[in-house]
Amino acid sequence: MSLNLADIRQDYSKKELSPEDCLPDAVAQFELWLNEAMTAQVHEPTAMNVATVGEDGRPTARIVLLKGVENGQLVFYSNYLSRKGRQLAANPYVSVTFFWPELERQVRVEGRVVPVAPEVSDAYFSSRPYTSRLGAWASEQSTEISSKNVLISRAAMFGVKHPLSVPRPPHWGGYAVIPDRVEFWQGRPSRLHDRVVYLLQADAGWQRVRLAP
-1 MSLNLADIRQ
9 DYSKKELSPE
19 DCLPDAVAQF
29 ELWLNEAMTA
39 QVHEPTAMNV
49 ATVGEDGRPT
59 ARIVLLKGVE
69 NGQLVFYSNY
79 LSRKGRQLAA
89 NPYVSVTFFW
99 PELERQVRVE
109 GRVVPVAPEV
119 SDAYFSSRPY
129 TSRLGAWASE
139 QSTEISSKNV
149 LISRAAMFGV
159 KHPLSVPRPP
169 HWGGYAVIPD
179 RVEFWQGRPS
189 RLHDRVVYLL
199 QADAGWQRVR
209 LAP
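Here the sequence shown stands for residues -1 to 211, where the numbers follow the numbering used here.
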């Protein structure tokens, strides 16, 4: 099977972006764009590609959902024993990408990851639907299973064990991304896209500059 992909392209022209128009703080600018994505009813505006690198030096990436922007940090949740969790334990740096095609925008966030406080993970876990909480116990994430029935049986078993209240598994919780580089990309005609990058400075302030597309 041969796919002709060479002529698939989209010209962008909706908006412009310049360093002068951006807010002084990178996370505030991100929140502004995220709010605009939600207002525009972008499909899955909080979906982000989280790239990690393990001890073997091989990068892996997956889509997870942003669950909070708190104290200048981006928060998401996962199984600490998953492949992702093991990689973050070995190398606590990530690159996160948001793509909002309806707005012809992309945001890339780089930084260090730290676990959130247990009480923060507890609060978020308790807000999840009952079946999702059971799923966190049932799924030994990233391990090989013989069939889907293994998951179904384990979920049923934990449902019997926790018929009303499901505690948070000790191996499940939140991560906070502490950004030190944030890039905003706005599609423009003729591939002359606008790129503005924020770089965290020693005094905790942000420098923002334009990059060539």
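By construction, the Cβ of each residue, glycine as well, lies at the ideal position given by its N, Cα and C atoms. Model, not experiment: these values are computed from the prediction.
Asked, Found
"Alpha-carbon to alpha-carbon, R7 and E100", "15 Å"
"Environment of V207 [buried if 16+ CB atoms lie within 10 Å]", "exposed"
"Closest by C-alpha distance to L132, when choosing among E102, Q205, S119 and S151", "S151"
"Counterpart residues of Q184 in DSSP-defined beta bridges", "R103 and D192"
"Distance between V175 and R186 (C-alpha atoms, nearest Å)", "29 Å"
"Residue burial classification, L72 (beta-carbon count within 10 angstroms, cutoff 16)", "buried"
"Contacts around D178, its chain only, beta-carbon distance under 8 Å, and the 5 residues preceding and following it disregarded", "E108, G109, R110, L197 and L198"
"Separation of H191 from P90, as counted between CA atoms", "31 Å"
"Close beta carbons around N47, own chain, < 6 Å, minus the five adjacent residues each side", "A59, I61 and T95"
"At least 3 beta-carbon pairs within less than 8 Å: the region 165 to 175 vs the region 72 to 81", "yes"
"Straight-line gap, L1 to S124 (C-alpha atoms, nearest Å)", "46 Å"
"Close beta carbons around K65, own chain, < 8 Å, minus the five adjacent residues each side", "T44, V73, F74, Y75, Y122 and G172"
"Distance, M155 Cα to V51 Cα", "34 Å"
"Three-state secondary structure (DSSP) of P116", "helix"
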